[in-house]
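A quick write-up on the structure given underneath.
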Amino acid sequence: MIKSSAALAGLRRVVSSRPPPIQGERCEMCAEPIGAEHQHVVNLESRGLMCTCRACYLLFTDENAELRYRAVPDRYLSFADFTVDARQYDELEIPVGLAFLFRNSVLGRVVAFYPGPAGATESELPLAAWSRIVAANPQLDQLRPDVEALLIRSDQRGGAYSCHLVPIDTCYELVGRLRLLWRGFDGGSEVRQAMEEFFAAVEARSKPAPRPPS
Ligand SMILES: [Zn+2]
Ligand SMILES: [Zn+2]
203 MIKSSAALAG LRRVVSSRPP PIQGERCEMC AEPIGAEHQH VVNLESRGLM CTCRACYLLF
263 TDENAELRYR AVPDRYLSFA DFTVDARQYD ELEIPVGLAF LFRNSVLGRV VAFYPGPAGA
323 TESELPLAAW SRIVAANPQL DQLRPDVEAL LIRSDQRGGA YSCHLVPIDT CYELVGRLRL
383 LWRGFDGGSE VRQAMEEFFA AVEARSKPAP RPPS
């Protein structure tokens, strides 16, 4: 499902995907050795991810601090009541059936990116269309800026869309992995398999999102 429209293309710019973090190396803040399983902080200005040791990670967990770095939380949520249909998704002007949406606090707006052969393609969301979706799904409002993303994916069977909240480093890792596997026009079978594994892992880790106070 690829739409080609010059107007849409103008809104988009291809950004190089962040390279997958080097595993089993050193903390990029203090140079302590760290294991393959480690945490990340986001540089809010460059939006790059840094691999950190636990001590450095904990310096940046305060969401209200006026800091340049922010720790990526380890939170996965599913939204069972999420309702977006094909028409509403089309209004977001995302040309593929899978996207990550996050709030960029420096730009002060919600941005979408999606995987492709060149890495992540980024697109600015039509704000009115996104606001209507959040109004109909107020539980999405718990998304933390810069460090978490909403993974929206078309349900192949129905025409409906599912939504999960995931750590943003997970999204960049997926984009980096898919870029290496990408073949041809639609990515090919290895890309499809990697995506299925990714969604199964996200589903397994997700807890039901708390309902907003009504
Ligand atoms: Zn450190
Ligand atoms: Zn890392």
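With the sequence shown counted from 1, adding 202 to any position gets you this note's numbering. Backbone N, C-alpha and C define an ideal beta-carbon position, used for all residues, glycine too.
- The C-alpha of Phe387 lies about 19 Å from the C-alpha of Ser356.
- Less than 8 Å divides the Cβ of Ala411 from the Cβ of Leu279.
- Closest option to Gly378, judged by alpha-carbon separation, among Pro319, Asn339, Ile236: Pro319.
- A residue is called buried when at least 16 other Cβ atoms come within 10 angstroms of its Cβ; Val286 meets this threshold and is buried.
- In the three-state reduction of the DSSP assignment, Pro340 falls in the helix class.
- Set against 7 Å, the gap from the CB of Cys253 to the closest heavy atom of ligand 2 is smaller.
- In the displayed model, Val393 falls within a helix according to three-state DSSP.
- In the same chain as Ala362, and ignoring 5 residues on each side of it, no C-beta atom comes closer than 6 Å to its own.
- Across the structure, Cys258 and Ala288 are spaced so that their CA atoms are roughly 43 Å apart.
- In this structure, DSSP gives Ile354 an extended state, which the three-state scheme calls strand.
- Around the beta carbon of Glu268, a 10 Å sphere encloses fewer than 16 other beta carbons of the protein chains shown; the residue is thus reported as exposed.
- Contact between Ser307 and Leu246 holds: CB atoms are separated by about 6 Å, below the 8 Å threshold.
- Counted as a single uninterrupted DSSP element, the beta strand (DSSP E) harbouring Ala301 occupies residues 300-306.
- Closest in alpha carbon position to Arg272, among Ala396, Leu342, Val349, is Val349.
- Taking the C-beta atoms as reference points, Leu345 is found no nearer than 8 Å to Leu327.
- DSSP places Val313 in the uninterrupted beta strand (DSSP E) bounded by 311-318.
- A check of alpha carbon separations from Pro297 across Arg305, Pro317, Glu375, Cys373 identifies Pro317 as the nearest.
- Distances from the CA of Leu251 to each of Ser408, Trp384, Pro275, Phe400 were compared; the closest alpha carbon is that of Pro275.
- The C-beta distance from Gln341 to Arg413 rounds to 6 Å, short enough to meet the 8 Å contact threshold.
- In the DSSP assignment, Leu367 falls within the beta strand (DSSP E) that extends over 363-369.
- The three-state secondary structure of Ala331, taken from DSSP, is helix.
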